[in-house]
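A.B. asks: Here the protein sequences come in this chain order: Z and L. According to this note's numbering, the first sequence is numbered sequentially starting from 7. According to this note's numbering, the second sequence is numbered sequentially starting from 631. Backbone N, C-alpha and C define an ideal beta-carbon position, used for all residues, glycine too. The following block contains the structure, expressed as structure tokens.
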Amino acid sequence: MNRADLTANQQTAMLADRYTQRADAYQVRITSRLRLQSLTEKERRACLGRIRRRLSGADDEQYVYRGNVFIATAVKADHPSDIQ
Amino acid sequence: MAEILDVVDLEALRKEVREKYREVAADPTAEYHFHTGRPHAIRLGYPATPLDQLPDYACEAFAGVGNPFFWGGPKPGQRVVDLGSGAGMDSFLAAHWVGNEGHVIGVDMTPEMLDRSRSMAVKLGLDNVEFREGLIEDLPIEDGWADVVISNGVINLCPDKIGVYRQIFRVLKPGGRMTVADICLERPVPEEALRDIDLWTG
Chain Z
7 MNRADLTANQ
17 QTAMLADRYT
27 QRADAYQVRI
37 TSRLRLQSLT
47 EKERRACLGR
57 IRRRLSGADD
67 EQYVYRGNVF
77 IATAVKADHP
87 SDIQ
Chain L
631 MAEILDVVDL
641 EALRKEVREK
651 YREVAADPTA
661 EYHFHTGRPH
671 AIRLGYPATP
681 LDQLPDYACE
691 AFAGVGNPFF
701 WGGPKPGQRV
711 VDLGSGAGMD
721 SFLAAHWVGN
731 EGHVIGVDMT
741 PEMLDRSRSM
751 AVKLGLDNVE
761 FREGLIEDLP
771 IEDGWADVVI
781 SNGVINLCPD
791 KIGVYRQIFR
801 VLKPGGRMTV
811 ADICLERPVP
821 EEALRDIDLW
831 TG
């Protein structure tokens with residue numbers, strides 16, 4: 007598969023798999039839930055109202071998948087010949 | 631599938647991203663779809679020290695998604711680049727670790743965030759950190775300058791991710807390290823969704 011066949015986020019994932027270490031810290035939905043819980047009741051109602059309005063106008067294609075939060079680290083090779 | 635850069639209106643996306651983070655800079659405690667501030671940093675696992683050495687005003691506009699210091703902070707004397715430095719919290723922590731012999735450069739494209747981070751650096755008395763206006767796809771940093779590159783929740787907002795990684799590679803010294811915290815989808819996103827700027831910026 008060449009680059010043109012991949013979405014940008016897939017490209018990131020592909021690169022992430024080649025990192026020296028990788029940790030999936032948590033999933034976005036968890037932070038969304040915590041964020042929702044942190045709002046006042048009035049703010050939460052307003053937020054949920056906006057979500058409902060957005061979802062009611064979305065077609066099937068717009069139900070975009072949840073993302074993972076990741077932390078990744080990599081070291082630049084000391085010498086060009088080390089680069090794969 | 632079409633090349634992503636042919637699908638996304640880059641200028642429209644950058645305008646929306648700037649607008650969103652202009653709001654955060656102006657009013658960090660307002661209602662956003664993401665968390666902000668010190669409690670968020672603690673929840674993400676930032677080390678209690680040196681986080682506890684930063685005043686609240688230096689943390690309140692923090693809007694990262696993870697802890698780029700998960701494997702430890704930079705070493706004394708090192709040079710650090712912070713991609714999408716925002717309000718500057720990660721840069722301030724890095725400045726603490728690298729000390730007077732090191733240097734930190736934060737890069738951001740939102741003028742209001744740069745105003746905020748620069749004024750915070752002055753308030754904190756940090757003269758080993760600076761903030762430059764620029765795009766992370768075209769870093770205003772010389773080749774091979776950095777020992778460490780960090781980024782926190784920013785690369786997901788850039789369609790040209792390969793371009794960003796090329797820039798990271800360019801500015802790192804041989805043997806230098808990057809640590810990235812970000813959001814990643816591992817399945818293809820429909821082209822119509824890619825075109826929808828609202829879905830990029832939340």
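For N782 of chain L, which residues does DSSP report across the bridge?
C.D. replies: Taking the first residue of the second sequence as 1, we reach residue 782 of chain L at position 152. Beta-bridge pairing links N782 of chain L to L:A811.
A.B. asks: For E767 of chain L and V794 of chain L, I'd like the C-alpha separation in whole angstroms.
C.D. replies: Stepping through the second sequence from its first residue, residue 767 of chain L is reached at position 137. Stepping through the second sequence from its first residue, residue 794 of chain L is reached at position 164. Roughly 5 Å between the two C-alpha positions.
A.B. asks: In the structure shown, what three-state DSSP assignment does V695 of chain L receive?
C.D. replies: Here residue 695 of chain L refers to the residue found at position 65 of the second sequence. It is coil, neither helix nor strand.
A.B. asks: Near H670 of chain L, what residues of its chain come up, given a Cβ to Cβ distance below 7 Å and the 5 sequence neighbours on each side ignored?
C.D. replies: Taking the first residue of the second sequence as position 1, residue 670 of chain L is located at position 40. The answer, listed in chain order, is F692.
A.B. asks: Please list the partners that D73 of chain Z has in chain L, where partner means a Cβ-to-Cβ separation under 7 Å.
C.D. replies: By 1-based counting over the first sequence, the position of residue 73 of chain Z is 67. Going by the sequence as given, residue 73 of chain Z is Gly instead of Asp. Those are I813, C814 and L815, listed as they occur along chain L.
A.B. asks: Let me see if you follow: with CB-CB separation under 8 Å, is V737 of chain L close to chain Z or not?
C.D. replies: Numbered from 1 along the second sequence, position 107 holds the residue referred to as residue 737 of chain L. Not one chain Z Cβ lies under 8 Å of V737 of chain L.
A.B. asks: Compute the Euclidean distance between the alpha carbons of D757 of chain L and A52 of chain Z, then round it to the nearest angstrom.
C.D. replies: On the second sequence, position 127 is the one that residue 757 of chain L refers to. On the first sequence, position 46 is the one that residue 52 of chain Z refers to. In a straight line, the C-alpha of D757 of chain L is about 43 Å away from that of A52 of chain Z.
A.B. asks: Roughly how many whole angstroms lie between the Cα atoms of E821 of chain L and Q43 of chain Z?
C.D. replies: Here residue 821 of chain L refers to the residue found at position 191 of the second sequence. Here residue 43 of chain Z refers to the residue found at position 37 of the first sequence. Cα to Cα, E821 of chain L sits roughly 33 Å from Q43 of chain Z.
A.B. asks: To the nearest whole angstrom, what separates the beta carbons of N786 of chain L and D812 of chain L, a pair I think is in contact under 8 Å?
C.D. replies: As a first step, residue 786 of chain L is located in the second sequence; it is residue number 156 there, counting from the start. As a first step, residue 812 of chain L is located in the second sequence; it is residue number 182 there, counting from the start. Right, the Cβ-Cβ distance comes to about 5 Å (below 8 Å), so this counts as a contact.
A.B. asks: Check the Cβ-Cβ distances between M750 of chain L and every residue of chain Z, and say whether any is below 8 Å.
C.D. replies: Position 120 of the second sequence, counted from the start, is the residue given in the question as residue 750 of chain L. It does not; no Cβ of chain Z falls within 8 Å.
A.B. asks: Expressed to the nearest angstrom, what Euclidean distance is found between the alpha-carbon atoms of R58 of chain Z and R800 of chain L?
C.D. replies: As a working mapping, residue 58 of chain Z is identified with position 52 in the first sequence. As a working mapping, residue 800 of chain L is identified with position 170 in the second sequence. Approximately 44 Å, taken between the alpha carbons.
A.B. asks: For R709 of chain L, which residues does DSSP report across the bridge?
C.D. replies: What you label residue 709 of chain L is simply residue 79 of the second sequence in a count that begins at 1. Its beta-bridge partners are L:H733.
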